[in-house]
Amino acid sequence: MRSDRDELTARYSFPIDRFQYEAFDALDDGKHVVVAAPTGSGKTVVAEYGIDMTVRDGKRAFYTAPVKALSNQKYRDLIALHGEDKVGLLTGDNSINGDAPIVVMTTEVLRNMIYGRSRTLDDLGLVVLDEVHFLQDTFRGPVWEEVMIHLPHHVRLVCLSATVSNVAELAEWISTVRGRTEAITELRRPVELANQYLAKDRTEDRLQLLSIFVGGAVNRDAVQLDESAIRHTPKSSAGRSRKESNRTRNAGGAQRRKLVPPGRVETLKLLNDREMLPAIFFIFSRSQCDVAAKSCVDAGVCLTTEAEQAEIGVIIDDRLGALDSADLAVLGFEQFVRQLKAGVAAHHAGMVPPMKEVVEACFIAGLVKAVFATETLAVGINMPARSVVIEKLTKFTGEHHEQLTPGEYTQLTGRAGRRGIDDRGSAVVLWSPWVRFDDVAKLAGSSRFHLRSAFRPTYNMAANLIRTYESERAHDLLNLSFAQYQADRDIVKMQARLERRRQALSELQAEATSPLGDIDEYRKLRNAEREARRFGHVERVEEI
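Positions in the sequence shown are counted from 1; adding 264 to them yields this note's numbering.
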């Protein structure tokens, strides 16, 4: 076993960390594992170790991810390790080699396999649930719990998560519903993170880039700068606006300043001047990602050399050369190429997959220096940057605007700092009239990210349960959810115990079944024969 482990870990260019070795030991001991660690710390190494050991044992392994872009990237990564013939891909866009020993898929695809009672689960040995903290997502979170509850019990789980404060609770729940589970936590980032605050001071006509923390405490210069700002709020908040203005006017006698959010072009130029590129700008709007990339190029931004532009052209031809020119024209191909060759790109779910893959390939190769992206880019996709810029700390959920949670902030800023390349990464938050600096500092300094289940019975879930199980059994399965465990863990423990007893009974009944006939039916016939003999002659039941 030790020689196998040495062989598997020799492929990495960095040393294996303590938490990774702990996960290896737990997997070798036959346990499920939940690994919570910062982005870029190497959680995927644990998944790859589990996949290698499973395939060597002659079983199949599935790697599930929450978004198609991450699935596509993991598919390419695993092909590089195992070869094209041993890896498959199943998403809404692609179905490639689905019978391979290693298959990458979205979590929803696996959920559908389970409800469809697919025979492909019979020889399944391991499932990797990447970004498992997604189970707190309001709309898609329940899928993770459905998978963990309904997967056959012989399948082991490797759950990968961003750092959360209650990872032990999640592991205890999995232990209750599936068996022995090890919680493994790593708090240290592989690359130091510098949290910074950028504001445009129109009073002095300059950009001010300040550290959010100095010496472990909140930067008082940044506090004073924010408090000196003349803030303008909507008319509905006019009363509050006057109070804030009066407070600002008298704050320590500080000069009142006209602060505005920095523009995208000037922010990009500042980062370039300070050698903080490549950078990812997180914008919570697909259309604004496109607008931002175009406006930078239209303003004359060019971050590439002629040699880099030639390399970009080769990647474009390789990935998009087979597409019809008419289709490319509809997709805005000329503008797309113009931006890429300037070292700028957009990246979001509204782009066709081949174009997104080109952006990812160019960014990973160091050819594209600035990407304007939605938050999906922060979900496990391996596109680390030297800097991350967050334009706003609020986003529209589809129903209302809400502030980022500490977990979401950590997920976004986790892209900052390239392991083995950068001594530190930078997370730059832009000044906003709607969010005070105190709130920014509180968000950046938070270290508690409590994972809360978003599980709820939906119409689709109920239909799948009723179609797959009897109504009483379906009701029992709902009692096994992480949400129920967080509300009343005793119910889940009793339900899990009942499930284990039912499973044992089913296995014993299967062992007691004879191909020569049903033993209970035979007993009934013999008893009937004995009773009949007591009252008269009957024909003897033929012996088996």
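The beta carbon of each residue, even a glycine, is placed where N, CA and C say it ideally should be. Just so we're clear, the structure is a prediction, and the values are computed from it rather than from any experiment.
Reference leucine 592; option with closest CA among Val608, Val616, Asn358:
Val616
- Query: Ends of the beta strand (DSSP E) at serine 277?
  - Reply: Where serine 277 is concerned, there is no enclosing beta strand (DSSP E), given that its DSSP letter is neither H nor E.
#### Entry: Cα-Cα separation between arginine 275 and alanine 680, rounded to whole angstroms
24 Å
Open item on the list: Below 8 Å on the Cβ atoms is my contact criterion, and I expect histidine 296 with arginine 444 to pass it. Report the Cβ-Cβ distance as a whole number of Å.
Closed with: Their Cβ separation, rounded to whole angstroms, is 7 Å, which keeps histidine 296 and arginine 444 in contact under 8 Å.
| query | Which residues share a DSSP beta bridge with aspartate 465? | reply | Arg470, Leu523
Please classify glutamine 773 as buried or exposed, where buried requires at least 16 other C-beta atoms within 10 Å of its C-beta.
Glutamine 773 should be labelled exposed.
Counterpart residues of phenylalanine 660 in DSSP-defined beta bridges: His665
* **Distance, alanine 458 Cα to phenylalanine 627 Cα** => 22 Å
### Query
How is arginine 794 classed by DSSP in three states: helix, strand or coil?
In the structure shown, arginine 794 falls within a helical segment according to DSSP collapsed to helix, strand and coil.
Next item on the list: Tell me, please, which residues DSSP counts as bridged to phenylalanine 477.
Entry: DSSP, once it has assigned bridges, lists Val482 as partnering phenylalanine 477.
For isoleucine 580, count neighbouring Cβ atoms within 10 angstroms of its own Cβ and tell me buried if that reaches 16, exposed if not. buried
Note to self: Counting beta carbon pairs with one atom in the region 325-339 and one in the region 456-475, are three or more of them shorter than 8 Å?
What the structure shows: Touching, no.
Is it right to say asparagine 724 is buried, meaning 16 or more other beta carbons lie within 10 angstroms of its own, or is it exposed? Here asparagine 724 is exposed. Its C-beta has fewer than 16 other C-beta atoms within 10 Å.
Pick from Thr440, Thr467, Tyr461, Ser429: whose alpha carbon is nearest that of alanine 451? Checking the sequence, you will find leucine at residue 451 rather than alanine. Comparing Cα positions, the closest option is Ser429.
Quick check: what's the CA-CA separation for leucine 462 versus lysine 633?
19 Å
* Would you say the region 685-704 touches the region 737-749, given that touching needs at least three Cβ pairs under 8 Å? -> no
Query raised in the report: Which residues mark the beginning and the end of the beta strand (DSSP E) in which serine 651 is found?
Result: 651-654
**Prompt:** Taking the beta strand (DSSP E) that threonine 328 falls in, what are its first and last residues?
**Reply:** 324-329
Assuming asparagine 361 and valine 351 form a contact by the criterion Cβ under 8 Å, report the distance between their Cβ atoms to the nearest whole angstrom.
About 7 Å; that satisfies the 8 Å criterion.
For the region 615-639, list the beta strand (DSSP E) runs that are entirely contained and at least 3 residues long, ordered along the chain. Qualifying beta strand (DSSP E) stretches, in chain order: 634-637.
I'd like to know whether the C-beta atoms of leucine 399 and serine 710 end up nearer to each other than 9 Å.
no
Whether or not the region 649-656 and the region 569-589 are in contact is what I'm after, with contact meaning three or more pairs of Cβ atoms, one per stretch, closer than 8 Å; do they touch?
no
Could you check what DSSP says for phenylalanine 545 in three-state terms: helix, strand or coil? strand
Check the C-beta distance from valine 407 over to arginine 375 and give it rounded, since I have them as a contact under 8 Å. 5 Å
Residues of its chain near leucine 567, where Cβ-Cβ distance is below 6 Å and the 5 sequence neighbours each way are ignored: Gly607, Lys633
Legend entry - Cβ-based neighbour list, valine 805, same chain, cut-off 7 Å, excluding 5 preceding and 5 following: A caution first: valine 805 carries a pLDDT of 49, below 50, which makes its placement in the model unreliable, though a value can still be read off. The answer, listed in chain order, is Leu789, Arg790, Glu793.
- prompt: Under the three-state reduction of DSSP, which class applies to isoleucine 448: helix, strand or coil?
  reply: DSSP, reduced to helix, strand and coil, places isoleucine 448 within a strand of the structure shown.
- Query: What residue from Leu676, Val594, Ala574, Phe636 has the CA that sits closest to alanine 629's CA?
  - Reply: Ala574
Item to check | Own chain residues within Cβ distance below 8 Å of leucine 385, not counting five before or after | outcome: Met377, Ile378, Leu415, Pro416, Val419
* **Backbone CA spacing between alanine 435 and glycine 614 [nearest angstrom]** => 35 Å
| field | Residues near asparagine 510 in its chain [Cβ-Cβ closer than 6 Å; skip 5 each side] | value | Unreliable positioning characterises asparagine 510 in this predicted model, as indicated by a pLDDT of 45, which lies under 50. A coordinate reading is not provided.
Between the C-alpha atoms of glycine 405 and phenylalanine 719, what's the straight-line distance to the nearest angstrom?
Each residue's Cα considered, the two are about 7 Å apart.
Q | Contact between the region 390-397 and the region 309-322 (3+ Cβ pairs under 8 Å) | A | yes
Report back the beta-carbon spacing between valine 529 and alanine 563 to the nearest angstrom; my notes put them in contact at under 8 Å. 5 Å
Open item on the list: Using C-beta distances below 6 Å, list every residue in its chain close to alanine 747, excluding the 5 sequence neighbours before and after it, in chain order.
Closed with: Ser717, Phe719
What first and last residue would you give for the beta strand (DSSP E) that runs through histidine 611?
608-611
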